[in-house]
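Student: Residue numbers for the sequence shown follow our numbering, so the first one is 20 and each next one is one higher.
Note that beta-carbon positions come from the ideal geometry of N, C-alpha and C, so glycine has one too.
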Amino acid sequence: MRTLSILGATGSIGRSTLEVVRANPGQFRIIAVVGGHDATALAQAAVAARARFAALADPAGLGALRAALGSSGIACGAGQQAVLDAAAMPTDLIVAGISGIAGLKPTVAALAPGRRIALANKETLVCAGDFFMAEARRLGTTILPMDSEHNAVAQALCGRSLADVARITLTASGGPFRTWDAERIRKARREEALTHPNYAMGAKITVDSAGLVNKGLELIEAHHIFGIEPDRLDAVIHPQQIVHGLVSFTDGSMIAGMARPNMCVPIADCLAAERRLVSGVPAPDLAALGGLGFEAPDLVRFPALGLAMQAMRAGGHATAVLNAADEVAVEAFLAGAICFGDIHRIIEETLEVTARDIMRSPSSVEEALAIDHTARIAARGVMASGRVGTA
Ligand SMILES: NC(=O)c1ccc[n+]([C@@H]2O[C@H](COP(=O)([O-])OP(=O)(O)OC[C@H]3O[C@@H](n4cnc5c(N)ncnc54)[C@H](OP(=O)(O)O)[C@@H]3O)[C@@H](O)[C@H]2O)c1
20 MRTLSILGAT GSIGRSTLEV VRANPGQFRI IAVVGGHDAT ALAQAAVAAR ARFAALADPA
80 GLGALRAALG SSGIACGAGQ QAVLDAAAMP TDLIVAGISG IAGLKPTVAA LAPGRRIALA
140 NKETLVCAGD FFMAEARRLG TTILPMDSEH NAVAQALCGR SLADVARITL TASGGPFRTW
200 DAERIRKARR EEALTHPNYA MGAKITVDSA GLVNKGLELI EAHHIFGIEP DRLDAVIHPQ
260 QIVHGLVSFT DGSMIAGMAR PNMCVPIADC LAAERRLVSG VPAPDLAALG GLGFEAPDLV
320 RFPALGLAMQ AMRAGGHATA VLNAADEVAV EAFLAGAICF GDIHRIIEET LEVTARDIMR
380 SPSSVEEALA IDHTARIAAR GVMASGRVGT A
């Protein structure tokens with residue numbers, strides 16, 4: 020039996036991870052589960068998984084967490100230190116499934132010799148990718164890509180040398196606005212942006228997917244996780260999301276990683292040891308599908324993807340700025356303060372404003388968080404300027 024901790028146990032990734040654990044009885048012992056603010060949901064997850072320790076990020080939730088855990092005998096804590104302690108508890112495997120920059124510190128705290136981190140929190144790589152991957156190498160931690168596209172690429176690469184790789188391609192569904200014109204996208208409502216065609220995910224990543232900024236974040240993630248330069252990375256729209264990632268080799272052959280669009284598949288791959296696990300998801304039925312479509316992404320209607328690609332090429336602090344501006348903008352959009360079309364404008368202006376500051380690629384968590392802080396102030400300044408915020 021292998022030991023496993025789950026950061027973000029109450030979220031979409033965390034719930035799917037626990038589903039895979041349940042589908043493979045007797046294979047995992049859950050050590051720690053971590054949540055953000057929902058004490059009741061965390062206690063339920065901890066009790067159902069028979070975890071040893073439950074940590075809630077919100078310090079005010081400690082009483083509610085204790086009460087909800089009742090006489091279960093599960094130890095608990097609340098606040099940032101409790102989350103970091105949970106992440107550092109020894110386990111064979113840990114799932115990094117916290118959303119946003121909030122996942123950076125706990126994911127770094129999870130680095131340990133011989134450990135395997137199944138990484139869903141892409142922000143760790145987008146904001147501090149050079150530092151994080153160097154630390155993982157230094158400590159001897161294996162990073163397993165849990166994002167479906169990167170997981171498919173890792174399986175297609177199958178340990179082959181990057182020297183044989185001509186191109187890595189990530190697919191995107193195109194989101195709910197794939198066929199919409201630019202003006203309709205600009206005015207898209209919250210409920211419309213929260214309707215992903217294939218996946219039920221957390222609100223932030225769903226809105227990011229609608230504007231294709233998520234694909235940009237994933238290209239940056241691929242750059243770090245596979246150690247491949249931006250010019251050998253691209254994205255293609257594939258509405259069915261059966262193909263998740265493709266590797267083109269220098270001899271003209273191409274290997275596609277395929278599965279139904281269900282996160283239990285890449286999660287099962289990350290949690291597997293020598294043998295494959297039960298994911299509960301059958302392989303795609305190609306005859307029933309009839310056909311698979313592919314098209315180039317439209318950077319005019321979806322400018323945030325182009326901005327993310329530019330930031331990836333610029334390197335240094337630019338991708339951390341991009342992430343912070345996007346988090347601020349998506350939060351404002353979800354709160355009804357800006358329209359959908361403002362998201363990319365806030366990102367673009369924040370990148371421009373901060374380009375004057377010479378900031379190198381962060382070489383520590385503290386540096387990454389300092390860049391994030393500066394970029395958030397800049398993004399809020401852009402929002403306050405009056406140039407955005409009108410539907
Ligand atoms: N969902 C997917 O299918 C998918 C696919 C690929 C990659 N990802 C990536 O996986 C990550 C998680 O996405 P998600 O869709 O699972 O998000 P989600 O459903 O919003 O869940 C986020 C989780 O993080 C917890 N959390 C929030 N703030 C926290 C904090 N400060 N400290 C500790 N925990 C905190 C939440 O707890 P509370 O709910 O209690 O606040 C929840 O458990 C993101 O980076 C996303 O890009 C997701």
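Looking at the secondary structure, which residues open and close the beta strand (DSSP E) in which Val255 lies?
Tutor: Within the sequence shown, the letter at position 236 stands for residue 255. Looking at the DSSP string, the run of the beta strand (DSSP E) that includes Val255 is 252 to 256.
Student: Quick check: what's the CA-CA separation for Ser35 versus Leu290?
Tutor: On the sequence shown, position 16 is the one that residue 35 refers to. On the sequence shown, position 271 is the one that residue 290 refers to. Using only the alpha carbons, I get a separation of about 12 Å.
Student: First and last residue of the beta strand (DSSP E) that includes Ala51?
Tutor: As a first step, residue 51 must be located in the sequence shown, where it is residue number 32. Run containing Ala51: 47 to 54, per the beta strand (DSSP E) assignment.
Student: When you compare the CB of Ile162 with every CB in chain C, is at least one pair closer than 8 Å?
Tutor: The structure shown contains no chain C; it holds only a single protein chain.
Student: Under three-state DSSP, which class holds Met165?
Tutor: In the sequence shown, counting from the first residue as 1, residue 165 sits at position 146. It is coil, neither helix nor strand.
Student: I think Thr188 touches Asp253, with their Cβ atoms under 8 Å apart; what is that distance to the nearest whole Å?
Tutor: In the sequence shown, the residue the question calls residue 188 occupies position 169. In the sequence shown, the residue the question calls residue 253 occupies position 234. Going by Cβ atoms, the distance from Thr188 to Asp253 rounds to 5 Å, so yes, they are a contact pair.
Student: What residues are listed by DSSP as bridge partners for Ser24?
Tutor: As a working note, residue 24 is residue 5 in the sequence shown. Ser24 has Ile113 as its beta-bridge partners, per DSSP.
Student: Span of the alpha helix (DSSP H) holding Ala131?
Tutor: To locate residue 131, count along the sequence shown from 1; it is residue 112. No alpha helix (DSSP H) holds Ala131; DSSP gives it neither H nor E.
Student: Taking the C-alpha atoms as reference points, what is the distance between Ser383 and Gly312?
Tutor: Within the sequence shown, residue 383 is the residue found at index 364, counting from 1. Within the sequence shown, residue 312 is the residue found at index 293, counting from 1. Roughly 42 Å between the two C-alpha positions.
Student: Do Val40 and Ala105 have their C-beta atoms within less than 8 Å of each other?
Tutor: Taking the first residue of the sequence shown as 1, we reach residue 40 at position 21. Taking the first residue of the sequence shown as 1, we reach residue 105 at position 86. Against a cut-off of 8 Å, the Cβ pair of Ala105 and Val40 comes out as no contact.
Student: Since Leu75 sits in a beta bridge, which residues does DSSP pair it with?
Tutor: The residue you call residue 75 lines up with position 56 of the sequence shown. Bridge partners of Leu75: Gly54, Ala97.
Student: Check Val102 in the structure and name its three-state DSSP category.
Tutor: Indexing the sequence shown from 1 puts residue 102 at position 83. Three-state DSSP puts Val102 in a helix.
Student: Please state whether DSSP places Phe313 in a helix, a strand or coil.
Tutor: For the purposes of this step, residue 313 is taken as the residue at position 294 of the sequence shown. Coil, per DSSP.
Student: Name the one or two DSSP bridge partners that Ile187 has.
Tutor: Counting from 1 along the sequence shown, the entry for residue 187 is found at position 168. Paired residues: Leu252, Val266.
Student: If I measure Cβ to Cβ from Met282 and keep anything under 6 Å in the same chain, skipping five residues before and after, which residues do I get?
Tutor: In the sequence shown, counting from the first residue as 1, residue 282 sits at position 263. Ser35.
Student: Let me make sure I understand the geometry here. Which of Met402, Pro316, Leu23, Gln260 has the alpha-carbon closest to that of Ala107?
Tutor: To locate residue 107, count along the sequence shown from 1; it is residue 88. Checking every option, the nearest Cα to that of Ala107 belongs to Leu23.
Student: Grab the span of the beta strand (DSSP E) containing Ala275 for me, first residue to last.
Tutor: Here residue 275 refers to the residue found at position 256 of the sequence shown. Element bounds for Ala275: 273 to 277.
Student: Am I right that Ile49 and Ala73 are in contact with their C-beta atoms under 8 Å? What's the rounded C-beta distance?
Tutor: Translated into positions along the sequence shown, residue 49 becomes position 30. Translated into positions along the sequence shown, residue 73 becomes position 54. Incorrect: roughly 10 Å between the Cβ atoms, too far for contact.
Student: Quick one: does the C-beta of Val53 sit closer than 7 Å to a heavy atom of ligand 1?
Tutor: For the purposes of this step, residue 53 is taken as residue 34 along the sequence shown, with counting starting at 1. Yes, Cβ of Val53 sits closer than 7 Å to a heavy atom of ligand 1.
Student: Counting along the chain, where does the alpha helix (DSSP H) carrying Val152 start and finish?
Tutor: Translated into positions along the sequence shown, residue 152 becomes position 133. First, the amino acid is wrong: residue 152 is Met here, not Val. Start and end: 142 to 158.
Student: Name the residue from Pro195, Arg294, Gln259, Ile162 whose alpha carbon lies nearest to the alpha carbon of Ala229.
Tutor: Here residue 229 is taken as the residue at index 210 of the sequence shown, counted from 1. Ala229 has its Cα closest to that of Pro195, out of Pro195, Arg294, Gln259, Ile162.
Student: Pop quiz: Phe359 and Ile204 are said to be a contact at Cβ under 8 Å. What is the actual Cβ separation, rounded to whole angstroms?
Tutor: Here residue 359 is taken as the residue at index 340 of the sequence shown, counted from 1. Here residue 204 is taken as the residue at index 185 of the sequence shown, counted from 1. Phe359 to Ile204, Cβ: 6 Å. Contact.
Student: At 3 residues or longer, what runs of the beta strand (DSSP E) sit wholly inside the stretch 182 to 252?
Tutor: 184 to 191
Student: Locate the alpha helix (DSSP H) running through Pro285, then write down its first and last residues.
Tutor: Taking the sequence shown and counting its residues from 1, one reaches residue 285 at position 266. Looking at the DSSP string, the run of the alpha helix (DSSP H) that includes Pro285 is 283 to 290.
Student: Say yes only if the C-beta of Glu142 is nearer than 7 Å to one or more non-hydrogen atoms of ligand 1, and no if none qualify.
Tutor: Mapped onto the sequence shown, residue 142 falls at position 123. Glu142: yes, Cβ under 7 Å from ligand 1.
Student: Measuring alpha carbon to alpha carbon, tell me which of Ala79, Ile32, Leu324, Thr110 ends up nearest Thr161.
Tutor: As a working note, residue 161 is residue 142 in the sequence shown. The option with the nearest alpha carbon to Thr161 is Thr110.
Student: Got a sec? Which residues, its chain only, sit under 6 Å from Thr269 by beta carbon, not counting five neighbours each side?
Tutor: Working through the sequence shown from its first residue, we reach residue 269 at position 250. These residues qualify, in order along the chain: Asp183, Ala185.
Student: Identify, in the order they occur along the chain, each residue of the same chain with its Cβ nearer than 6 Å to the Cβ of Asn342, setting aside the five sequence neighbours on each side.
Tutor: For the purposes of this step, residue 342 is taken as residue 323 along the sequence shown, with counting starting at 1. Closer than 6 Å at Cβ, skipping near neighbours: Glu142, Val145, Cys146.
Student: Where does Leu308 sit, in a helix, a strand or coil, going by DSSP?
Tutor: Position 289 of the sequence shown, counting from 1, holds the residue named residue 308. In this structure, DSSP gives Leu308 a helical state, which the three-state scheme calls helix.
Student: Could you check whether the stretch 169 to 177 touches the stretch 323 to 332, counting it as contact only if at least three pairs of C-beta atoms, one from each stretch, sit closer than 8 Å?
Tutor: no
Student: Within the same chain, show all residues whose beta-carbon is closer than 6 Å to that of Gly27, passing over the 5 residues directly before and after it, in chain order.
Tutor: Walking along the sequence shown from the start, residue 27 turns up at place 8. Excluding positions up to five away in sequence, the list reads Gly33, Gly116, Ile117.
Student: How many whole angstroms separate the CB atoms of Leu181 and Ile247, which I take to be in contact at a CB cut-off of 8 Å?
Tutor: The sequence position of residue 181 within the sequence shown is 162, counting from 1. The sequence position of residue 247 within the sequence shown is 228, counting from 1. Their Cβ separation, rounded to whole angstroms, is 6 Å, which keeps Leu181 and Ile247 in contact under 8 Å.
Student: Is Leu308 near Gln259, with beta carbons less than 8 Å apart?
Tutor: Indexing the sequence shown from 1 puts residue 308 at position 289. Indexing the sequence shown from 1 puts residue 259 at position 240. Yes, these two residues count as a Cβ contact at 8 Å.
Student: Give me the residue from Ala356, Asp376, Glu368 with the minimum Cα distance to Gly335.
Tutor: Taking the first residue of the sequence shown as 1, we reach residue 335 at position 316. Gly335 has its Cα closest to that of Asp376, out of Ala356, Asp376, Glu368.
Student: Ignore the nearest five residues each way along the sequence and tell me which others in Ile256's own chain have a CB closer than 6 Å to its CB.
Tutor: Along the sequence shown, one-based indexing puts residue 256 at 237. Cβ neighbours of Ile256 within its own chain (closer than 6 Å, five residues either side excluded): Ala191, Gly193, Glu314, Pro316.
Student: Is it buried or exposed, Met165, if we count other Cβ atoms within 10 angstroms and call 16 or more buried?
Tutor: Numbered from its first residue, the sequence shown carries residue 165 at position 146. By the neighbour-count rule (16 or more Cβ atoms within 10 Å), Met165 is buried.
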